[in-house]
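In what follows, a structure is listed as structure tokens, so that the remarks can point back to it.
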Amino acid sequence: MTELSGKVALVTGASRGIGYAVAEALVARGDRVCITGRNEDALKEAVANLGSDRVIGVAGKAHDEAHQAEAVERVMEAFGRVDYLVNNAGTNPVFGPMADLDLNVARKVFETNVISALGFAQRTWHAWQKDNGGAIVNIASIAGLAASPFVGAYGVSKAAMINLTQQLAHEFAPKVRVNAIAPAVVKTRFARALYEGREAEAAASYPLGRLGVPSDIGGAAAFLTSAQSDWITGQTLVVDGGIFLNAGVG
3 MTELSGKVAL VTGASRGIGY AVAEALVARG DRVCITGRNE DALKEAVANL GSDRVIGVAG
63 KAHDEAHQAE AVERVMEAFG RVDYLVNNAG TNPVFGPMAD LDLNVARKVF ETNVISALGF
123 AQRTWHAWQK DNGGAIVNIA SIAGLAASPF VGAYGVSKAA MINLTQQLAH EFAPKVRVNA
183 IAPAVVKTRF ARALYEGREA EAAASYPLGR LGVPSDIGGA AAFLTSAQSD WITGQTLVVD
243 GGIFLNAGVG
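Whatever position you read off the sequence shown (first residue = 1), add 2 for this note's numbering.
Printed below as a string of structure tokens:
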């Protein structure tokens, strides 16, 4: 373990996958971290693996305002500050055309993917960042940058998150920087329907020849919450193995 950096992060949806990799990268550089997730057992296991001397977990659903309040209160009680927020919690419960989308499902997608991110940002802002500064990173998706057949609700929610990033970056400046990361397909349980059983075929269209792994996004989040990115705000960092380059290929 490295020595403590003195900085503290709150990472949502971090019991596994991308969120866990983000927490892992922050712990590795010396931060203390609060992680959230819906499954209490999975969260406890993640805390144990990351190091219970530096990490705490708060179980709950990201869209639940009481959970948002508890998470921020707990991190402030445990560590006395919250320098960084990484909004990773997300959902995509439907696969199909927008024309047949159940509007209640659409509401759930937006509540989890967008409204919860705003809620956590508001609470960390008022609890610490407004007076002390910091950084926020929103995990968006390349689905928010272009039409994505059959995951339209998810894509529209991530487009909203990208715009939310720009809005918060403008409002929270100069003390707090707000950026987003837009990954392509990353090998997680969340995305496995997009590559399981056909990974080689799925990866063949990527100029860099492979799908993403969680640490690709963890490293990007660590950069965007570091001093090396102190003059970057309101931006969306595309981390996609080059797949967006194919958009210009006829």
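A virtual CB, placed ideally from N, CA and C, is assigned to each residue, including glycine.
What does a CB cutoff of less than 7 angstroms around A224 pick up in its chain, not counting 5 residues either side in sequence?
A27, L28 and R31
Assign L12 to one of three DSSP states: helix, strand, or coil.
strand
Are G135 and I164 closer than 9 angstroms when you measure CB to CB?
no
Are the Cβ atoms of G39 and A91 separated by less than 9 angstroms?
yes
Does the separation of the CB atoms of T167 and T238 fall below 9 angstroms?
yes
Any contact between the region 116-130 and the region 88-107? By contact I mean 3 or more CB pairs, one from each, below 8 angstroms.
yes
Exposure label - R179; buried when at least 16 CB within 10 Å:
buried
Thinking C-alpha only, which one of P209, L213 and A64 is nearest P185?
L213
How is P151 classed by DSSP in three states: helix, strand or coil?
coil
Anticipated Cβ contact below 8 angstroms, V188 with I219, distance rounded
6 angstroms
Simplified DSSP state of Y208, which is helix, strand or coil
coil
Using three-state DSSP, classify P216 as helix, strand or coil.
helix
Out of curiosity, what's the CA-to-CA distance linking G19 and L45?
12 angstroms
Just to confirm the assignment, what range does the beta strand (DSSP E) spanning I141 have?
G136 to I141
L6, DSSP secondary structure in three states:
coil
Identify every residue that forms a DSSP beta bridge with R34.
V10
Measure the Cβ-Cβ separation of V74 and L12 and say whether it is below 9 angstroms.
yes
Which word fits H128, buried or exposed, when buried means at least 16 other C-beta atoms lie within 10 angstroms of its C-beta?
exposed
Could you give the distance in angstroms between the alpha-carbon of Q70 and the alpha-carbon of E42?
15 angstroms
Start-end ranges of the beta strand (DSSP E) lying completely within the region 74-123, minimum 3 residues:
86-89
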